[in-house]
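For reference, the structure is listed below as structure tokens.
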DNA sequence: CTACATGCAAATCCTTTGCATCCAC
DNA sequence: GTGGATGCAAAGGATTTGCATGTAG
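Protein chains in written order, with the working numbering: chain A, 2 to 145; chain B, 2 to 145.
Here you go:
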């Protein structure tokens, strides 16, 4: 489990500047955990009476992403979402037809990761992927 | 190898309406093959003295995508590109740091495709993927 | 003939930028 | 004190929409 304290300490050790706004965004990310959009982060904070500009949220999330703290995922119709890396590691299968989102265990990525490391000397950052295709129901329907 | 004729015939058999504009977009996609953006398609056509509105290009590409004729890929910094599926099948590794793009043989996707089909009854449409991470040079640099 | 596709202009959505002010270290 | 972060307003870019007109089947 990952806590805000843990992340803050890690960043401080790296000599990063910890502002109130950065802590606020991290708070929400750790509380909510899943699939937070920029707008969603702002809403959550507003409900707690803590206001942040969208601009700042974009900048903080970008900053966290560059430091490997959060992942950024484009879920297609559901937009772009952010998530603390390591907090409930998983991925998604998204149906192009009915837009159903199926959750995918991280384990399925291991073989591909290993292959990319070994054969391409590439260090993948596949922390929250979205794969598109057709779910079983829509496959059957399409082939009728 | 896939030709415009072949695609047009396939669509006609499905009862799709074949307009001049749709043929024009298909022409460019089959001629150029690789990584065509909406803007790029428009430019290519303009050079041949054949003008199309961006709106129409968006609509045609969307239409082709829904019918499984073209793939749509977000390459990150390099934007969104389209490509005829089956025409030089490949994928990309993209460095988050230096933005280098490494080409990836389609073969590496087979195991994951098989797993998604078998364990999730999901028919993946992974025809032109982009995976992000760090290339060897940037890994070494980052760890200094 | 008719339903569907296109062109144009305008709207919309998401994200970034410039610049003055503020604050963490 | 000072460099970097924030807030605000405005710009930017990509994509979508409404509606009149055109055209494939």
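Backbone N, C-alpha and C fix where the C-beta goes; we use that ideal spot for every residue, glycine too.
Quiz item: Along chain A, in chain order, which residues have C-beta atoms closer than 7 Å to that of residue 122 of chain B?
Solution: Against the second chain, residue 122 of chain B aligns to sequence position 121. Result: 137.
Exercise. Run the CB neighbour count on residue 99 of chain B, radius 10 Å, all protein chains shown included, and call it buried at 16 or more, exposed below.
Key: Locating residue 99 of chain B in the second chain gives position 98, where the first residue counts as 1. With fewer than 16 Cβ atoms within 10 Å of its Cβ, residue 99 of chain B is classed as exposed.
Quiz item: Given residue 145 of chain A, which residues of its chain have a CB within under 8 Å of its CB, disregarding the five upstream and five downstream residues?
Solution: In the first chain, residue 145 of chain A corresponds to position 144, counting from 1. Reliability of the predicted coordinates at residue 145 of chain A is poor, the pLDDT of 46 falling under 50, and no value is obtained from them.
Practice problem: Let me know the secondary structure DSSP gives residue 129 of chain A once reduced to three states. | Solution: Looking up residue 129 of chain A in the first chain gives position 128. In this structure, residue 129 of chain A counts as coil in the three-state DSSP scheme.
Self-check item: Own chain, CB closer than 6 Å to residue 1 of chain A, minus 5 neighbours either side, in chain order
Solution: This structure leaves residue 1 of chain A out entirely; chain A is present only between 2 and 145.
Quiz item: Nearest-angstrom Cα distance between residue 3 of chain A and residue 26 of chain A?
Solution: On the first chain, residue 3 of chain A is found 2 positions in, with the first residue counted as 1. On the first chain, residue 26 of chain A is found 25 positions in, with the first residue counted as 1. So the two alpha carbons sit approximately 15 Å from each other.
Self-check item: Residue closest to residue 58 of chain B, alpha-carbon to alpha-carbon, out of B:49, B:13, B:44 and B:39
Solution: As a first step, residue 58 of chain B is located in the second chain; it is residue number 57 there, counting from the start. The shortest C-alpha separation from residue 58 of chain B is found at B:39.
Quiz item: Ends of the beta strand (DSSP E) at residue 106 of chain A?
Solution: Taking the first chain and counting its residues from 1, one reaches residue 106 of chain A at position 105. Counting along the chain, the beta strand (DSSP E) containing residue 106 of chain A begins and ends at 102-106.
Self-check item: Where residue 79 of chain B falls: helix, strand or coil (DSSP)
Solution: Taking the first residue of the second chain as 1, we reach residue 79 of chain B at position 78. Three-state DSSP puts residue 79 of chain B in a helix.
Quiz item: Of all the CB atoms in chain A, is at least one closer than 7 Å to the CB of residue 140 of chain B?
Solution: Counted from its first residue, the second chain places residue 140 of chain B at position 139. It does: the Cβ of residue 140 of chain B has a partner Cβ on chain A nearer than 7 Å.
Quiz item: residue 37 of chain B by DSSP, collapsed to three states: which one?
Solution: Against the second chain, residue 37 of chain B aligns to sequence position 36. In this structure, residue 37 of chain B counts as strand in the three-state DSSP scheme.
Quiz item: Hey, is residue 131 of chain A's beta-carbon within less than 7 Å of any beta-carbon in chain B?
Solution: If you number the first chain from 1, residue 131 of chain A lands on position 130. Not an interface residue.
Quiz item: Which whole-angstrom value describes the C-beta separation of residue 113 of chain A and residue 113 of chain B, a residue pair presumed to lie in contact below a C-beta threshold of 8 Å?
Solution: Counted from its first residue, the first chain places residue 113 of chain A at position 112. Counted from its first residue, the second chain places residue 113 of chain B at position 112. About 6 Å separates the two Cβ atoms, so the contact holds.
Practice problem: Closer than 8 Å by beta-carbon distance: list the chain A residues that pair up with residue 115 of chain B, in chain order. | Solution: Here residue 115 of chain B refers to the residue found at position 114 of the second chain. In chain order: nothing, as chain A lies at least about 11 Å away.
Practice problem: Could you pull out every residue in the same chain whose Cβ sits closer than 6 Å to the Cβ of residue 124 of chain A, ignoring the five residues on either side in sequence? | Solution: For this step, residue 124 of chain A is matched to residue 123 along the first chain. The beta carbon of residue 124 of chain A sits closer than 6 Å to none of the beta carbons in its chain outside the five residues before and after it.
Exercise. Report yes or no: is there a C-beta of chain A within less than 7 Å of the C-beta of residue 82 of chain B?
Key: In the second chain, the residue the question calls residue 82 of chain B occupies position 81. No, its Cβ sits nowhere closer than 7 Å to a Cβ of chain A.
Exercise. Give me the Cα-Cα distance between residue 66 of chain A and residue 42 of chain B, rounded to the nearest whole angstrom.
Key: Reading the first chain from its first residue, position 65 is the one you call residue 66 of chain A. Reading the second chain from its first residue, position 41 is the one you call residue 42 of chain B. Between residue 66 of chain A and residue 42 of chain B, the C-alpha separation is close to 32 Å.
Quiz item: What do you get for residue 135 of chain B, buried or exposed, if any count of 16 or more other CB atoms within 10 angstroms of its CB means buried?
Solution: As a first step, residue 135 of chain B is located in the second chain; it is residue number 134 there, counting from the start. So residue 135 of chain B ends up on the buried side.
Self-check item: Which of helix, strand or coil DSSP assigns to residue 15 of chain B
Solution: As a position in the second chain, residue 15 of chain B is number 14, starting the count at 1. Coil.
Quiz item: Which class does residue 74 of chain A belong to by DSSP, given the choice of helix, strand or coil?
Solution: Walking along the first chain from the start, residue 74 of chain A turns up at place 73. Note: residue 74 of chain A maps to strand in three-state DSSP.
Self-check item: Reduced DSSP secondary structure (H/G/I, E/B, other) of residue 86 of chain A
Solution: Translated into the one-based positions of the first chain, residue 86 of chain A becomes position 85. Coil, per DSSP.
Self-check item: Test: residue 112 of chain B CB closer than 7 Å to a CB of chain A
Solution: Position 111 of the second chain, counted from the start, is the residue given in the question as residue 112 of chain B. Taking Cβ atoms only, chain A reaches closer than 7 Å to residue 112 of chain B, which makes this a yes.
Practice problem: Quick one: residues in its chain with C-beta nearer than 8 Å to the C-beta of residue 132 of chain A, no 5 flanking neighbours on either side, listed in chain order? | Solution: Taking the first chain and counting its residues from 1, the one referred to as residue 132 of chain A is at position 131. So the qualifying residues of the chain are 92, 93, 94, 95 and 105.
Practice problem: Check the Cβ of residue 126 of chain A against every Cβ in chain B and list those closer than 9 Å, keeping chain order. | Solution: Numbered from 1 along the first chain, position 125 holds the residue referred to as residue 126 of chain A. Chain B residues near residue 126 of chain A: 97, 132, 133, 134 and 135.
Quiz item: What are the boundary residues of the alpha helix (DSSP H) that residue 58 of chain A is part of?
Solution: To locate residue 58 of chain A, count along the first chain from 1; it is residue 57. Note, residue 58 of chain A: alpha helix (DSSP H), 55-67.
Quiz item: Beta-carbon of residue 61 of chain A versus every beta-carbon of chain B: anything under 7 Å?
Solution: Here residue 61 of chain A refers to the residue found at position 60 when the first chain is read from its first residue. The beta-carbon of residue 61 of chain A is placed no less than 7 Å from the nearest beta-carbon of chain B.
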